[in-house]
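As numbered in our numbering, residues 3 to 662 make up the sequence shown, in order. Beta carbons are placed, not taken as given, at the ideal position from N, Cα and C, and that holds for glycine.
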Amino acid sequence: GCNPLAETGRSKLQNQRAVLNQQILRAVRMRAGAENLLRATTNNKVREQVLLELSFVNSDLQILKEELEGLNISVEVYQNTEETFSIPLVPLGLKETKEVDFTLPLKDFILEHYSEDSSEYEDEIADLMDLRQACRTPSRDGAGIEMLMSYFLQLGYVETRFFPPTRHMGVLFTWYDSFTGVPVCQQNLLLEKASILFNIGALYTQIGTRCNRQTQAGLENAVDAFQRAAGVLSYLKETFTHTPSYDMSPAMLNVLVKMMLAQAQECVFEQIGLPGIRNEFFTLVKMTQEVAKVGEVYMLVNTAMNQEPVKENIPYSWSKLAQIKSDHYKALAHYFIATILCDHELQSSDDEDQQEKAFSQLYDYMPEGLKVLTVLKDKVQRKQLGKAHLRKAIVCHEEALRVCGLCKKLRNIDVLQEVLTAAHKRSLLKYAQQETEDDFLSLIQAPDIIPKTEHKIETIAPQFSKVKVKDFFHKLGPLTVFSAKQRWTAPRTIRIQQEAGELGFSLKGGSPVQIYCLDPACSAASMGLKEGDYIVSVGGVDCKWLGVNEVLEKLKSVGEQPIEMEVISCQDTTASMHSKSATYSVGMQKTYSLICLAMEEDKTDQTKKAPLKLPFLSWGTKNRQKAASTLCLPAAVAGSSQIKKKLSPFTLLNTESSLY
């Protein structure tokens, strides 16, 4: 990762974000305490003092929220350093987190579950913690993306090896909401994975805004980065459906995906116009529909941003910027079509049919009394319709400037003001060049333009397969066998000696190998070797990753000499365990829950069917009104009506489709 102490503009913003997160946390705790006191006290004087304190705290929280919004709209820091004359693009800020110490929980689990010396894995645990620490300050390039993806994939290994579905490991993950600054604390590794995915998407947006939009290659890279950002955020929305953080809620992610695709569409338009827009009929028709498409997608983004529940948490300046871009690009579309009508007359050498066909594709309908071919041939009608489009363009430009002036954050962005003002002046100049004496007779209203693009923008799914990651805890053995779901006996030492060149058993399977066709009368069986045991070492050499032939070689290489091997047996994994999960999200309504699972020992006969797993129960109406609730998750036992109902241990906590 980058040096966290480096005094770059981006690092300063992230440091300010971290400070604001802590201030918001303190204010939220004060408000929670004051609200509890207000509910508990009956003294009127105390109530008045608490209400006064609450008003101060709420005002403070509003100020902090506005400061955080200011960081989210500090787009100049993320733009390319070259001087550009383009409307800034919006990046996402990285989610902040607290440090996590994996050392004790993982060492204890290695000793307890895998019966291995945990001190031998100190370097691997340190590597994991170093990688997580580096992911807090990733570089804004492909290397930063690869590092975040590596950690995300490494978490998959860690989850399988150390996080059993029946209990929590005692590792508390804390991540701060990117928009509200409110922390979310969970012992669930899925929160960590979801937050890393969000940061991968956010980093792609920062890479996209950093690209040089004055070059063809820069614009291509920007389009690719925003498509990949949309793909990661879409993958996050589909994979983690119950995230307790506002910035990762399905509704918010849906808006962010739309915003990234809109910015990609904007870069496509800039890419088409980069060589220059020729004042030629068919070129202008194409540019009209392309720019109208950009205006349409930003209008949809603005509409989505003003819907509940996103409206309360999306930065106000983002919504206004989407509205400004929608009006600005809509005005450009009307300006282009006005240029077609005012500057190009149908000549005898022109192809009437081609021009009529191209022009008719711009409208759903023509104004009353006008026909496409007539407009193209009649100079007066061309001028009237062209001036109607110019008036519409001027109105849209003025609306964009008005909205920009009303938003405090946006009116301080100089390049935005310059672009909007220049486009407005250009439309005014074009309108002034036309004859004005018949304006009072012109009642034509400019029709809406049909948006169309030849460059369809779609999400690009994250390509995790291209990132090569080695499991830090490779020494524990093959992941399919040595996982947190499987329970093992402690390694047993078996001293074997070949009898007439025979071992008394065969081997089968891949890595690790299993005991097969054990002769009950052989010496190994008398020493405790069982059918189905796994061989983990021979003669002090680890054999977890060796195949059948390699293990047989080691066993037979000693000849008639006795040799020691260590074996383990798979235990019954159906035994239930006590488990408790607490989710705490400061200041967020309806997200504080305590799930207690009182488990009974499995006393049913092994021949009976396993309990059916029921899906995670949703909150009831009464539970939603409580600040905390206790839920029980029942599971029916098939084949027996006498046995008490059992509780299913976190049926969904080990999947990526649910996050609580």
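Euclidean distance between Cα positions of M529 and R497
Distance between the alpha carbons of M529 and R497: 7 Å.
Output yes or no for whether 8 Å exceeds the beta carbon distance between K385 and Y433.
For K385 and Y433, no; Cβs fall outside 8 Å.
Do Y300 and A333 have their C-beta atoms closer together than 8 Å?
At least 8 Å separates the beta-carbon of Y300 from that of A333.
Between R230 and the rest of its own chain, which residues show a CB-CB distance below 6 Å, the 5 nearest in sequence each way excluded?
Contacts found: Y206 and I462.
What are the start and end residues of the alpha helix (DSSP H) that includes K556?
For K556, the enclosing alpha helix (DSSP H) starts and ends at V550 to K558.
Using C-beta distances below 6 Å, list every residue in its chain close to A34, excluding the 5 sequence neighbours before and after it, in chain order.
Answer for A34: no residue qualifies.
Counting beta carbon pairs with one atom in the segment 60–68 and one in the segment 162–180, are three or more of them shorter than 8 Å?
No: fewer than three Cβ pairs fall under 8 Å.
Could you give the residue range of the alpha helix (DSSP H) that holds W320?
Element bounds for W320: Y318 to D345.
Spatially closest choice to Q291 from P514, D355 and I452, by CA coordinates:
Closest option to Q291, Cα to Cα, is I452.
Return yes when the Cβ of V303 is within less than 8 Å of the Cβ of K260, no when it is not.
Yes; because the gap between Cβ atoms is below 8 Å, this pair is in contact.
Unbroken alpha helix (DSSP H) run spanning S88, endpoints
From DSSP, S88 is part of no alpha helix (DSSP H); its letter is neither H nor E.
Using a threshold of 8 Å, state whether the C-beta atoms of E358 and L375 are closer than that.
Yes.
Taking just the CA atoms, how far does F200 sit from P107?
Within the model, the alpha-carbon separation for P107 versus F200 is close to 26 Å.
Among residues of its own chain, excluding the 5 on either side of L150, which ones have a beta-carbon nearer than 8 Å to its beta-carbon?
Closer than 8 Å at Cβ, skipping near neighbours: C137, P140, I198, N201, I202 and L205.
Those residues which DSSP pairs with M567 across a bridge:
For M567, the beta-bridge partners assigned by DSSP are I496 and V540.
Can K558 and G541 be called in contact, C-beta distance under 8 Å?
Not closer than 8 Å, so no.
Note down the Cα distance separating V550 from G479, rounded to an integer number of angstroms.
So the alpha carbons of these two residues sit roughly 15 Å apart.
Pull up the distance between the alpha-carbon of P369 and that of P464, whole angstroms please.
Rounded to the nearest angstrom, the two C-alpha atoms are 47 Å apart.
Residues in the same chain with beta-carbon distance under 8 Å from H399, minus the five sequence neighbours each way, listed in chain order, please.
Result list for H399: D329, H330, A333, L422, A425, H426 and S429, in chain order.
When the Cα of S121 is compared with those of A42, T105, R489 and T285, which residue comes out closest?
The candidate whose alpha carbon is nearest that of S121 is T105.
As assigned by DSSP and simplified to three states, the class of K477:
Helix.
Would Q516 and D535 qualify as a contact pair, given that the criterion is a beta-carbon distance under 8 Å?
Going by C-beta atoms, Q516 is nearer than 8 Å to D535.
Exposed or buried, G278, counting other C-beta atoms within 10 Å across all chains shown (16 or more means buried)?
By the C-beta density criterion, G278 is exposed, having fewer than 16 other C-beta atoms within 10 angstroms.
Cutting at 6 Å between CB atoms, please list the residues of its own chain near F474, excluding the five before and the five after it.
Same-chain partners within the cutoff: E126, D129 and L130.
So, with DSSP's three-state summary, where would you put T99?
Looking at T99 - three-state DSSP - the assignment turns out to be strand.
Grab me the residues of Y672's own chain with a C-beta within less than 6 Å of its C-beta, minus the 5 sequence neighbours each way, in chain order.
Given a span of 3 to 662 for the chain in the structure shown, any question on residue 672 remains unanswerable.
Measuring only the C-alpha atoms, how far is A20 from F284?
Taking the straight line joining both Cα atoms gives about 52 Å.
Rounded to whole angstroms, what's the CA-CA distance from Q383 to G297? Just pull it up for me.
Taking the straight line joining both Cα atoms gives about 27 Å.
My understanding is that G233 touches A224, with C-beta atoms under 8 Å, so please give their C-beta distance in whole angstroms.
That pair is no contact at about 15 Å.
Bounding residues of the beta strand (DSSP E) (the contiguous stretch that carries V259):
Counting along the chain, V259 falls outside any beta strand (DSSP E), though it belongs to the alpha helix (DSSP H) covering P252 to G275.
Taking 8 Å as the threshold, find out whether the segment 563–575 comes into contact with the segment 489–496 through three or more Cβ pairs.
In short, these stretches touch, since the Cβ pair count reaches three.
Tell me F111's beta-bridge partners as DSSP assigns them.
Per DSSP, none; premise fails for F111.
Out of K322, L378 and E161, state which residue places its alpha-carbon closest to the alpha-carbon of T341.
Just measuring C-alpha positions, the residue of K322, L378 and E161 sitting nearest T341 is L378.
Just the Cα atoms here: how many angstroms apart are I565 and P252?
When rounded, the distance between both Cα atoms is 59 Å.
With a cut-off of 8 Å on the beta carbons, I'd call L221 and M262 a contact; round off their distance for me.
Not quite, the Cβ-Cβ distance comes to about 15 Å (not below 8 Å), so this is no contact.
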